[in-house]
Every structure is written in structure tokens, then in C-alpha cells.
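Chemist: Below is the structure I would like to discuss, written out as C-alpha cells.
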Amino acid sequence: MSQLLRYVNIKDGECSVEENFVDFDISHQKTGTNLSEEIMQKLSSDRLDIQNCRGDICSNMGGKYEGVQAHVFKTNDLHRFAPCEAHSLNLVGVHAAEVSVLMISFL
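Last residue of the sequence shown: number 98 in the working numbering, and the count goes up by one each step with no gaps.
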């Protein structure tokens, strides 16, 4: 599991969204429950308050009832997952390759 920090940087009255890679963490289980526990432990060890955090959506994250999103929402009701643009773009490429002869031969 990768850990990125995305934040708003305000400097000289200008706002910009910054994103920095922090760490790779080994995930021992891939269920929403286990991943959410690992995320909460990592945030705690990094002294980051869950009330100030948001997250990405990926297959294990977005489950309505048992995904990480559902478990984290119980801790922080303001928590909203934002779609990961790179993951979404990858899905577009995968689906394009599945339906287009031109894309299949290109790849």
C-alpha cells in the first residue's frame, strides 16, 4: 500500500494542491476491515489526525458496506474518498484495449 500526502499549499496568497510520496507499507490482508485497520495504525504512528484526512478510491477502498471507505467513515463522518486519476486513466486504457482492435494491435 502506498502512502501519499495531498495537501493545499498556501504561499503569498496563492493556493496550489501538492502531492508527495511518503512511504510504501506492506499490506498483510486485502479486506476492507484489515486495510482500514492498517491505515488507522499508520496514521496514528505518523501522528496524523483522521479528522483531517481524505482518501482515494480503488477496488478495496470503495465498497459501500465492507470497503475501507465504509470503515473509515465510521471514524470520520466528513471523510470522502476522491477518485484516483491515475487509476481511472489506467482503467480507461484497459477497457479501450479490450474493445478496440486498433488498441489491441497498438499495445
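Every residue gets a Cβ at the ideal spot worked out from N, C-alpha and C, and that includes glycine.
For clarity, every value in this text was computed on a predicted model and none was experimentally measured.
For the alpha helix (DSSP H) containing K33, name the first residue and the last one.
Modeler: Per DSSP, K33 belongs to the alpha helix (DSSP H) from G23 to S36.
Chemist: Please report the distance separating the alpha-carbon of D14 from that of L(-5).
Modeler: Roughly 7 Å separates the two Cα atoms.
Chemist: Output needed for C44: all residues of its chain with C-beta closer than 6 Å, excluding positions within five of it in sequence on either side, in chain order.
Modeler: Within the same chain, C44 has no close Cβ partners at all.
Chemist: Nearest-angstrom Cα distance between I17 and D37?
Modeler: The alpha-carbon atoms of I17 and D37 are separated by roughly 16 Å.
Chemist: Between the Cα of N11 and those of N0, E5 and K21, spot the shortest distance and give me the residue it belongs to.
Modeler: That would be N0, whose Cα lies nearest to the Cα of N11.
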